[in-house]
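K.L.:
Residues in the sequence shown are numbered from 820 upward in steps of one, following my numbering.
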Amino acid sequence: MGVYYNTIRIDFAKQGHDTAFIQNLTVRWPNLKNPSKSQNFWKYEWKKHGTCSENLYPQEAYFKLAMQLYDRLNILKVFAKSNIRPGANGNQLLSQMNNSLVAYTGKVPDFRCQLGQRTTTAKRNLIKEVVSCYNSSGTAINCPVSQRSNSCNTRRNKIILEFPV
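1. On the DSSP letters alone, give me the boundaries of the alpha helix (DSSP H) that Lys866 sits inside.
2. Can you find at least 3 beta carbon pairs, one from the region 920-932 and one from the region 948-955, that sit closer than 8 Å?
3. Take the Cβ of Cys871 as the centre, count every other Cβ of all protein chains shown within 10 Å, and call the residue buried at 16 or more, exposed below.
4. State the CB to CB distance for the pair Trp861 and Leu844, rounded to an integer number of angstroms; the pair is presumed to be in contact (CB under 8 Å).
5. Using CA atoms only, rank isn't needed, just tell me which of Gly957, Tyr863, Ser914 is closest to Ile946.
6. Are Tyr881 and Trp848 close, meaning C-beta to C-beta below 9 Å?
7. First and last residue of the alpha helix (DSSP H) that includes Thr838?
8. Put Arg891 into one of helix, strand or coil per three-state DSSP.
9. State the beta-bridge partners of Ala959 as determined by DSSP.
10. Provide the residue(s) that pair with Ile946 in DSSP beta bridges, ordered along the chain.
11. State the start and end residues of the unbroken alpha helix (DSSP H) segment that holds Gln915.
12. Between Ser970 and the rest of its own chain, which residues show a CB-CB distance below 6 Å, the 5 nearest in sequence each way excluded?
13. Smallest Cα separation from Val921: which of Gln887, Ser855, Ala959?
14. Would you kindly work out how many angstroms separate the C-alpha atoms of Ile800 and Pro854, rounded to a whole number?
15. Restricting to Cα atoms, I'd like to know which of Gln842, Leu934, Lys883 is closest to Gly957.
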């Protein structure tokens, strides 16, 4: 694989990328925890996911492909067609969310959850991330079982769907 750390150059403005590219990336792939640190988040994502495909997708092409995939699979719209909405009644069934995405894409996604605030009976699972998987050419694939998270407590199938709106 080689050493990739010397290829981590993420300051898009200094690299001469147009402001429209940076604005689109900010809208489609924001740092939700700290919006002012989006470039640090993009750097992390590039190091974690982008460098392994650098021969096919140099950095700018990688992020443009990520934005195209984001546009192609608008998860909130897919969920809305199945009457699954952020904050709708507070609870959603994980199986309903999964079935909605499988029906739309034909591929099995992955869900990453975290425990949220305690309710009167138990801590509630919150959706942290919905993962759709792709091969190196950008074609959707089933998320490999070996790489799926088991952070969503499927024994308590009611999951709080929390997305920024």
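Idealized CB from N, CA, C, for every residue including glycine.
P.N.:
Straight from the coordinates:
1. The count along the sequence shown starts at 1 and reaches residue 866 at position 47. Neither: Lys866 is in no alpha helix (DSSP H) and is coded neither H nor E.
2. Segments in contact, yes.
3. In the sequence shown, residue 871 corresponds to position 52, counting from 1. Counting of Cβ neighbours within 10 angstroms places Cys871 among the exposed residues, the total staying below 16.
4. Within the sequence shown, the letter at position 42 stands for residue 861. Within the sequence shown, the letter at position 25 stands for residue 844. Contact check for Trp861 and Leu844: beta-carbon distance about 7 Å, within the 8 Å limit, so the pair qualifies.
5. For the purposes of this step, residue 946 is taken as residue 127 along the sequence shown, with counting starting at 1. Among Gly957, Tyr863, Ser914, the Cα nearest to that of Ile946 belongs to Ser914.
6. Here residue 881 refers to the residue found at position 62 of the sequence shown. Here residue 848 refers to the residue found at position 29 of the sequence shown. No. Outside cutoff.
7. Taking the sequence shown and counting its residues from 1, the one referred to as residue 838 is at position 19. 838-847 is the span of the alpha helix (DSSP H), which, as asked, contains Thr838.
8. For this step, residue 891 is matched to residue 72 along the sequence shown. In the structure shown, Arg891 sits in a helix (DSSP, three-state: H, G or I).
9. As a working mapping, residue 959 is identified with position 140 in the sequence shown. Tyr953.
10. Within the sequence shown, residue 946 is the residue found at index 127, counting from 1. The partner list for Ile946 (beta bridge, DSSP) reads Cys932.
11. Locating residue 915 in the sequence shown gives position 96, where the first residue counts as 1. It spans 913-924 - the alpha helix (DSSP H) in which Gln915 sits, taken as one unbroken run.
12. Taking the first residue of the sequence shown as 1, we reach residue 970 at position 151. Once the five neighbours on either side are set aside, the close Cβ partners of Ser970 are Arg931, Cys932.
13. Taking the first residue of the sequence shown as position 1, residue 921 is located at position 102. Ranking the options by Cα distance to Val921, first place goes to Ala959.
14. With the chain covering 820 to 984 only, the question about residue 800 has no answer from this structure.
15. Against the sequence shown, residue 957 aligns to sequence position 138. Selected option, being the one with the closest Cα: Lys883.
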